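Visitor: Got a structure here, written out as structure tokens. Questions coming.
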């Protein structure tokens with residue numbers, strides 16, 4: 012029997028490490044006497060490769076989503092700061108004591124409403140982005156059509 016090394020099978024050295032300092036998964040496979048993999052071994056390696064690809068793609072999706080969520084939050088804070096400054100500038104321009112009281116209350120309630128709306132947008136965006144990260148990268152299984160019921164001898168004779 013010929014021993015197949017990880018480098019032969021996977022194209023990497025078993026002493027290599029990932030960016031997190033972890034050793035890659037190693038399989039100690041023994042090939043048959045001809046040095047070829049069996050069908051079952053090829054299927055196992057194919058499934059392993061598919062799973063590793065999905066893990067990498069999922070990590071990429073997660074990192075991208077976290078970055079994008081940070082951008083959304085930063086933009087929301089910048090917009091809020093500009094909006095608050097604008098509202099306070101308008102409030103300061105109002106003349107008259109009674110008008111100032113109404114404007115103060117209007118700005119107070121308006122900014123509270125704006126804050127709730129912005130936080131709601133951030134929350135919905137985060138939930139939707141999270142749902143995309145959570146969505147499986149495996150293609151859906153093909154739907155199998157149910158087999159037609161078996162007909163009896165008499166049914167086949169009478170109805171063809």
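Numbering (this note's numbering), first residue to last: 12 to 171.
For each residue, glycine too, the CB sits at the ideal point set by N, CA and C.
As the structure is a prediction and not an experimental result, all values here were calculated from the model.
1) Going straight from the alpha carbon of residue 172 to that of residue 89, what length do you get?
2) State whether the segment 144-154 contacts the segment 64-72, with contact taken as three or more CB pairs (one from each stretch) at a distance under 8 Å.
3) Would you be able to state if there are at least three C-beta pairs under 8 Å between the segment 93-113 and the segment 121-133?
4) How should residue 114 be labelled, buried or exposed, when 16 other C-beta atoms within 10 angstroms of its C-beta is the threshold for buried?
5) Is residue 154 helix, strand or coil by DSSP?
6) What residue range does the alpha helix (DSSP H) around residue 126 cover?
7) From 127, 79, 157 and 158, pick the residue whose C-alpha is nearest to that of residue 6; which is it?
8) Hey, could you find the ends of the alpha helix (DSSP H) residue 161 is sitting in?
9) Can you give the Cα-Cα distance for residue 142 and residue 105, rounded to whole angstroms?
10) Give the single residue among 128, 131, 127 and 98 whose Cα lies nearest to the Cα of residue 117.
11) From the DSSP output, in three-state form, read off residue 46 for me.
12) Taking residue 75 as the reference, which of 144, 161, 163 and 164 has the closest Cα?
Guide: Answer, in terms of the structure:
1) In the structure as shown, the chain begins at 12 and stops at 171. Residue 172 is therefore absent and cannot be evaluated.
2) Result yes; three or more Cβ-Cβ pairs closer than 8 Å.
3) Using a C-beta cut-off of 8 Å, the segment 121-133 makes contact with the segment 93-113, since at least three inter-stretch Cβ pairs fall below that distance.
4) Buried is the call here.
5) coil
6) 108-145
7) Any answer about residue 6 is impossible in this case: the structure gives the chain only from 12 up to 171.
8) From DSSP, residue 161 is part of no alpha helix (DSSP H); its letter is neither H nor E.
9) Approximately 46 Å, taken between the alpha carbons.
10) 98
11) coil
12) 144
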